[in-house]
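*Asks:* Chains as they are written, first to last, in this note's numbering: chain A, 293 to 552; chain B, 13 to 423; chain C, 30 to 395. A virtual CB, placed ideally from N, CA and C, is assigned to each residue, including glycine. Note that the structure is a prediction, hence the values are computed from the model and not measured. After the structure tokens below, expect a handful of questions from me.
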Amino acid sequence: MAGEDVVAGIDVGSHNVSAVLLSPTGILGYAILASAEEGERAAKRALAQACARVGHASVPTVVVATGCGRGSVRFAVRESSEVVCQARGAHWLFPQARTVLNLGAESSRAVRISPDGRAAAFATNDKCAAGSGRFLELMARVLEVPLEEMGDLALAADARAEVSSRCAVFAESEVISHIHRGLPKAHILAGIHVAVVDRIVEIAGRIGVEREVVVTGGLALNRALLAELESRLGVPLLIPPEPRIVGALGAALAAMASPK
Amino acid sequence: MVTSTSAKKHLKTTLLVPELRKKYYAQTLADSQAGKKVAWCSNNIPSEILEAMNITTVYLENYATVCASKRLSSAFCRAGERAGFSQDVCGYARILMGYILGGDDLPEAPYGGLAKPDFLIVNSYSCDSRMGWFTTMARTLDLPLYVLDSPYQPVGGCTDLDNVAYTESQLRGLIAFLEEQTGTKLDPARLRQRIELAAKANEIQVEIYEMRKHVPSPMSAGDAYTVVWPGMYLIGTKECDQFYEQLRAEVRERIASNVGIVPEEKFRLLWSGLPFWYNMALMNYFEEKGGVVAIENAFFRHLPGLPQQDEDPVRDMALRSTMRRGYAGSIGERTDLTVEIAREYSVDGVILSYNPSCRLFYILQPALKNALDRAGIPTLALECDMADERTYSEGQVKTRLDAFIERLLAR
Amino acid sequence: MEPSFDRYRERRHEEARAWKERTGGKVVGLFCCDVPEELIHAAGMLPVRLLGEHEDTSEVDIHFPVNVCPYPKACFDQALKGQYDYLDGLVVPNVCDMVRAMFGSWQINFSLPFLYFLEVPQKISSQGIDFFTVELGRFRGALEDFGGHPIADDTLRQAIRLFNADRELLRQLSALRVTAGLPASSVQDAVLSSMVLPKEQHLELMKEALAEAATAPPADGLPLFLSASMLDESDFVRLIEECGGHIVADDMPAGTRYFQADVDEDDPNQLRALARRYLEDIPCPRKMLPEAHLARLLDMLEASGARGTIIHNLRACDCHLYEYPYFKKELEARGLPVLFFRGEETATEREQQRADIEAFIEIIAG
Numbered sequence: 293m294a295g296e297d298v299v300a301g302i303d304v305g306s307h308n309v310s311a312v313l314l315s316p317t318g319i320l321g322y323a324i325l326a327s328a329e330e331g332e333r334a335a336k337r338a339l340a341q342a343c344a345r346v347g348h349a350s351v352p353t354v355v356v357a358t359g360c361g362r363g364s365v366r367f368a369v370r371e372s373s374e375v376v377c378q379a380r381g382a383h384w385l386f387p388q389a390r391t392v393l394n395l396g397a398e399s400s401r402a403v404r405i406s407p408d409g410r411a412a413a414f415a416t417n418d419k420c421a422a423g424s425g426r427f428l429e430l431m432a433r434v435l436e437v438p439l440e441e442m443g444d445l446a447l448a449a450d451a452r453a454e455v456s457s458r459c460a461v462f463a464e465s466e467v468i469s470h471i472h473r474g475l476p477k478a479h480i481l482a483g484i485h486v487a488v489v490d491r492i493v494e495i496a497g498r499i500g501v502e503r504e505v506v507v508t509g510g511l512a513l514n515r516a517l518l519a520e521l522e523s524r525l526g527v528p529l530l531i532p533p534e535p536r537i538v539g540a541l542g543a544a545l546a547a548m549a550s551p552k
Numbered sequence: 013m014v015t016s017t018s019a020k021k022h023l024k025t026t027l028l029v030p031e032l033r034k035k036y037y038a039q040t041l042a043d044s045q046a047g048k049k050v051a052w053c054s055n056n057i058p059s060e061i062l063e064a065m066n067i068t069t070v071y072l073e074n075y076a077t078v079c080a081s082k083r084l085s086s087a088f089c090r091a092g093e094r095a096g097f098s099q100d101v102c103g104y105a106r107i108l109m110g111y112i113l114g115g116d117d118l119p120e121a122p123y124g125g126l127a128k129p130d131f132l133i134v135n136s137y138s139c140d141s142r143m144g145w146f147t148t149m150a151r152t153l154d155l156p157l158y159v160l161d162s163p164y165q166p167v168g169g170c171t172d173l174d175n176v177a178y179t180e181s182q183l184r185g186l187i188a189f190l191e192e193q194t195g196t197k198l199d200p201a202r203l204r205q206r207i208e209l210a211a212k213a214n215e216i217q218v219e220i221y222e223m224r225k226h227v228p229s230p231m232s233a234g235d236a237y238t239v240v241w242p243g244m245y246l247i248g249t250k251e252c253d254q255f256y257e258q259l260r261a262e263v264r265e266r267i268a269s270n271v272g273i274v275p276e277e278k279f280r281l282l283w284s285g286l287p288f289w290y291n292m293a294l295m296n297y298f299e300e301k302g303g304v305v306a307i308e309n310a311f312f313r314h315l316p317g318l319p320q321q322d323e324d325p326v327r328d329m330a331l332r333s334t335m336r337r338g339y340a341g342s343i344g345e346r347t348d349l350t351v352e353i354a355r356e357y358s359v360d361g362v363i364l365s366y367n368p369s370c371r372l373f374y375i376l377q378p379a380l381k382n383a384l385d386r387a388g389i390p391t392l393a394l395e396c397d398m399a400d401e402r403t404y405s406e407g408q409v410k411t412r413l414d415a416f417i418e419r420l421l422a423r
Numbered sequence: 030m031e032p033s034f035d036r037y038r039e040r041r042h043e044e045a046r047a048w049k050e051r052t053g054g055k056v057v058g059l060f061c062c063d064v065p066e067e068l069i070h071a072a073g074m075l076p077v078r079l080l081g082e083h084e085d086t087s088e089v090d091i092h093f094p095v096n097v098c099p100y101p102k103a104c105f106d107q108a109l110k111g112q113y114d115y116l117d118g119l120v121v122p123n124v125c126d127m128v129r130a131m132f133g134s135w136q137i138n139f140s141l142p143f144l145y146f147l148e149v150p151q152k153i154s155s156q157g158i159d160f161f162t163v164e165l166g167r168f169r170g171a172l173e174d175f176g177g178h179p180i181a182d183d184t185l186r187q188a189i190r191l192f193n194a195d196r197e198l199l200r201q202l203s204a205l206r207v208t209a210g211l212p213a214s215s216v217q218d219a220v221l222s223s224m225v226l227p228k229e230q231h232l233e234l235m236k237e238a239l240a241e242a243a244t245a246p247p248a249d250g251l252p253l254f255l256s257a258s259m260l261d262e263s264d265f266v267r268l269i270e271e272c273g274g275h276i277v278a279d280d281m282p283a284g285t286r287y288f289q290a291d292v293d294e295d296d297p298n299q300l301r302a303l304a305r306r307y308l309e310d311i312p313c314p315r316k317m318l319p320e321a322h323l324a325r326l327l328d329m330l331e332a333s334g335a336r337g338t339i340i341h342n343l344r345a346c347d348c349h350l351y352e353y354p355y356f357k358k359e360l361e362a363r364g365l366p367v368l369f370f371r372g373e374e375t376a377t378e379r380e381q382q383r384a385d386i387e388a389f390i391e392i393i394a395g
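Pasting the structure below:
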């Protein structure tokens, strides 16, 4: 491989850091780590791990950073916003993509992609409402269910409890009420997923849903959520093989386009 | 999630209202078909003037409460929000905006829908929401809009003739607008007649409110929120006056026979603010524990109207409405009035209905609580929208009500 | 830039107290752009716009609930904390639900010697001008009673001229955003200081500022238009500047709405001239209908060369929240992207706002 042609994109999120190595022939490799440490160190580790995985000797010098912690990645040549990177990354993976729903740990966003692959408009989730991974985490704690099992349990439910989607605090107290009344966990979980989807549908509605629709971020691994979302939007959802690296991919594409 | 909706009616006269309401809406549709002009109005627009010009008045807030009571608020609100209206704004407005802006997945509108309007009329001085809502509708439906303004007068009635002059000029402006829109002239004799009928209805309602001080309560909020309807939407008609005469007679009879709402009154409540229109059965919730919502402050009437002030009916309306405001203005006035009502109606506790989207009622809830605390009257705050049922959590509300009832019974 | 206008906002309470000491005069607080400050000034008093701080709301939460406009609530909070103890009076105009509530709440909780409710019409019409002219006459009378001396016509004339002069200089300063890349945060700080300082003093500061602004290095951010319901400090504008944006024109109370229009000095009926300016010429959505308001906004926007609009409406501001879907649609139809914030004016929002503003700018810059 020609080392000079390899660039990298790094997405420093609140929960995860991901790094993508990109060459003119495509994605070389990537790494996803839980980010328990300071942004720049985590970014370096993720990049090093991605390189190690594919046996790439030298760390690329042209790196673009995205994600909420992008400001701390001082070795990046520039920063790019998550909105723009999600659009770029999703479009590269699916050239027909016109809407990307990025469902992350802290926040969710809906982005309209123009036919030339650029972000055109976006809407982000209101922080205090349901709709992010953090909300699901909170509920997992309340219900004492491992986060990874939530989706499958919810899928198996044959009924759903009502859970508010407007306010996470309100929803939490509703869920506690349901628990006290003895409702089955699966039903409550199903209701929680509906609440999350309600919020996603709402932000998607702000920019208008246009096919094809790509779903990215950690929540794109949650089958219950995807099933509900697909049913509510009434359109098929395209899921990347690894939905958590789309932001880093978008950053890497920006790095590729950077003047040398 | 709401499990019940209508209040149980204890009075026979109350049972007449649903028919009256159905007939009213049906009439507006028939009027429209027959070529009569239809005005969509906000609550304080004087229908006496419109009716005296043979114009059909449709009040929108009521339709929103009907949608809410028929459990349609979620769908309509969602549609209104999809059109860009924040969840912060009035639940009634979102429902109506949802209804107008449509969408394919909307439920069937109650009573066959609203009669198509020819123009819109809004009063600017009650609340901010109305202006935003009506100007949006006017633009969306591409219809003329008249804004009726009036001095705010935070400390109540005012005898200042400059205030009267402004009110009068606005009423005359309304009449001029209507004459232009319809080609008909106002009939002053008809207006005078409707004004006097309306004054009579007000008088009777004031009497009934006074009678409700009686222990045991002859009529509770469960009936009150329904029987207030003709006074708001059929005002100025003989039918309206007859309804209240009948209601007064029934209340008198109940007092004479000492018939209450519950066999033994254990506690009396005041419901402050708007009710939750999608769950009026809450008003009866207390009855199985011996409680009664003896009085509500939302549409309270205690001020008798003024006698005729002027020969000219329009000037008369301006004088009477300026000199005696139908609603209390400033926070101090409103909190004082509520504390007074609580005392005079021998109330043991107050339910504070915090409707986050109804700024007018919502803003003063903490001040009300503070005033009631100082007066030593227990309160319970329930934060739910008056029309948008998605804000209502049955389990939570009932738990809190139960705890409040226990507290009152223990005293 | 010198003078650093922002420090006047910061030190407004000390400045007002010092003014009282020096002159023995009365300080009259007020809300909103609807109150003709010229009359207060002509009465020999100091008009000061109430401004809030972003502090913990546990004290004021006892008096007001959560879902209300945070701006008047924050002002009330400052009063509860004793920050406004030097006020001798307060004028509350008939504007929106929450500002109107200030009248009753102030009445209950404080005992000001002068608390005046100004009956501003809530509709723009010639009848409204007539009524407002009368009301301003009553207001003048009340100020005369409170001050203990009449307000001479000539004194009022001078006040109007003075305020017009200050507004003219603010207009000149704000024009430099377009012609010389002057940061909008400087302009907003200049406006905020005008709202709290004696006008003569502010006029002198403005002359200094204009002289210096001519030599200041230009900002080079993406030109943007800002429409806000009420930003009572310049933090949000600074945030936009940090993200690479440059506000070239605005529609907001602590901005263009404060200085755009003058009082007609040629009208022999001064009260009517004041009534006209304060009722007709301020694009406050509580009175000005959306179509008229949008027309003004578009004029300013198109003249400024802005490439996008940021709309910041405080939560529960019905007046602005209802306009928003219409404005958004019309702006986007003209190819002007819109970024909307429903603000709480709390510090925790800043990070999300920063991310959104950066994304917005990156998208437009292409």
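(1) Look at the Cβ atom of Ile375(B), then the Cβ atom of Val97(C), and state whether they are nearer than 8 Å.
(2) Kindly list, in the order they appear in chain B, the residues whose Cβ is closer than 7 Å to that of Cys348(C).
(3) Report the residues of the segment 355–373 of chain A with a CB closer than 7 Å to any CB of chain B, ordered along the chain.
(4) My understanding is that Ala304(C) touches Ile158(C), with C-beta atoms under 8 Å, so please give their C-beta distance in whole angstroms.
(5) Between Ala393(B) and the rest of its own chain, which residues show a CB-CB distance below 6 Å, the 5 nearest in sequence each way excluded?
(6) Hey, Phe288(B) and Ile417(B): beta-carbon distance below 8 Å or not?
(7) Against Ser469(A), what residues of chain B qualify as contacts under a CB-to-CB distance less than 8 Å, listed in chain order?
(8) Starting from Cys252(B), trace the alpha helix (DSSP H) both ways and give me its first and last residue.
(9) Going by DSSP, what residue range makes up the alpha helix (DSSP H) through Met241(B)?
(10) Under the rule that 16 or more other beta-carbon atoms within 10 Å means buried, what is Asp35(C), buried or exposed?
(11) Considering only residues of the same chain and omitting the five flanking positions on each side of Asp400(B), which have a CB-CB separation below 6 Å?
(12) What are the start and end residues of each continuous alpha helix (DSSP H) run of 4 or more residues lying completely inside the segment 168–211 of chain C, in chain order?
(13) For a test of the three-state rule: what should DSSP assign to Gly474(A), helix, strand or coil?
(14) Which residues, in order along the segment 107–131 of chain C, keep a beta-carbon less than 8 Å from a beta-carbon of chain B?
(15) Any C-beta of chain C within less than 8 Å: which residues of the segment 179–212 of chain B qualify?
(16) Does chain B have any CB closer than 8 Å to the CB of Glu352(C)?
(17) Give me the Cα-Cα distance between Val367(C) and Arg498(A), rounded to the nearest whole angstrom.
(18) Exposed or buried, what is Ala294(A) when buried is set at 16 or more other beta-carbons lying within 10 Å of its beta-carbon?
(19) Note down the Cα distance separating Ala263(C) from Gln217(C), rounded to an integer number of angstroms.
(20) Alpha helix (DSSP H) containing Trp135(C): first to last residue?
(21) Quick one: does Gly497(A) have its CB under 8 Å from some CB of chain B?
(22) How would you call Gly318(A), buried or exposed, if buried means at least 16 neighbouring beta carbons within 10 angstroms?
(23) Mind checking Asn308(A): buried by the 16 CB within 10 Å criterion, or exposed?
(24) Confirm, please, whether the CB-CB distance from Ala19(B) to Asn382(B) is below 8 Å.
(25) For Asp328(C), count neighbouring Cβ atoms within 10 angstroms of its own Cβ and tell me buried if that reaches 16, exposed if not.
(26) Identify each residue in the segment 134–153 of chain C for which the Cβ-Cβ distance to at least one residue of chain B is less than 8 Å, and report them in chain order.
(27) Identify every run of the beta strand (DSSP E) within the segment 212–297 of chain C, keeping only runs that are complete inside it and at least 3 residues long; order them along the chain.
(28) Roughly how many angstroms lie between the CA atoms of Arg333(A) and Ala323(A), to the nearest whole one?
(29) Kindly say whether Val501(A), judged by its beta-carbon, lies nearer than 8 Å to any beta-carbon of chain B.
(30) Can you find at least 3 beta carbon pairs, one from the segment 208–222 of chain B and one from the segment 237–254 of chain B, that sit closer than 8 Å?
(31) Is there a Cβ from chain A that is less than 8 Å from the Cβ of Arg264(B)?
*Replies:* In short, the structure shows the following:
(1) With respect to Val97(C), Ile375(B) sits close: the two C-beta atoms are nearer than 8 Å.
(2) What Cys348(C) touches in chain B: Asp140, Gly144.
(3) So nothing in the stretch comes that close.
(4) Indeed, because the Cβ distance is near 5 Å, the residues count as touching under 8 Å.
(5) Counting only Cβ-Cβ distances below 6 Å, and skipping sequence neighbours, we find Leu364, Tyr366.
(6) No. Outside cutoff.
(7) At a C-beta separation below 8 Å, Ser469(A) has these neighbours in chain B: Ser405, Gly407, Gln408, Thr411.
(8) Per DSSP, Cys252(B) belongs to the alpha helix (DSSP H) from 250–268.
(9) According to the sequence provided, residue 241(B) is Trp. The question's Met does not apply to it. Element bounds for Trp241(B): 241–245.
(10) Flag for Asp35(C) reads buried.
(11) A distance below 6 Å between beta-carbons, with the five flanking residues on each side excluded, links Asp400(B) to the following residues of its chain, in chain order: Ser85, Cys89, Gly103.
(12) DSSP runs (the alpha helix (DSSP H)) wholly in the segment 168–211 of chain C: 182–208.
(13) In the structure shown, Gly474(A) falls within a coil segment according to DSSP collapsed to helix, strand and coil.
(14) If you check each beta-carbon in the segment 107–131 of chain C against every beta-carbon of chain B, the ones closer than 8 Å belong to Asn123, Cys125, Asp126, Met127, Arg129, Ala130.
(15) The residues in question are Ser181, Gln182, Gly185.
(16) Chain B, which has a Cβ nearer than 8 Å to the Cβ of Glu352(C), makes this yes.
(17) So the two alpha carbons sit approximately 12 Å from each other.
(18) Unreliable positioning characterises Ala294(A) in this predicted model, as indicated by a pLDDT of 48, which lies under 50. The coordinate reading is nonetheless provided below. With fewer than 16 other Cβ atoms inside 10 Å of its own Cβ, Ala294(A) counts as exposed.
(19) Looking at the sequence shown, residue 263(C) is not Ala but Ser. Annotation: Ser263(C) to Gln217(C) spans about 6 Å, alpha carbon to alpha carbon.
(20) Where Trp135(C) is concerned, the enclosing alpha helix (DSSP H) stretches over 126–138.
(21) Chain B, which has a Cβ nearer than 8 Å to the Cβ of Gly497(A), makes this yes.
(22) Here Gly318(A) is exposed. Its C-beta has fewer than 16 other C-beta atoms within 10 Å.
(23) Buried.
(24) Result no, Cβ atoms of Asn382(B) and Ala19(B) do not sit closer than 8 Å.
(25) Counting Cβ neighbours within 10 Å, Asp328(C) comes out exposed, since fewer than 16 surround it.
(26) Taking 8 Å as the cut-off between beta carbons, the residues of the segment 134–153 of chain C near chain B are Ser134, Gln136, Ile137, Phe146, Glu148, Pro150, Gln151, Lys152, in sequence order.
(27) With a minimum length of 3 residues, the continuous beta strand (DSSP E) runs that stay inside the segment 212–297 of chain C are 251–257, 274–280.
(28) Rounded to the nearest angstrom, the gap between the Cα atoms of Arg333(A) and Ala323(A) is 14 Å.
(29) So no, Val501(A) is outside the interface.
(30) Yes: the two stretches touch, three or more of their Cβ pairs being nearer than 8 Å.
(31) Not an interface residue.
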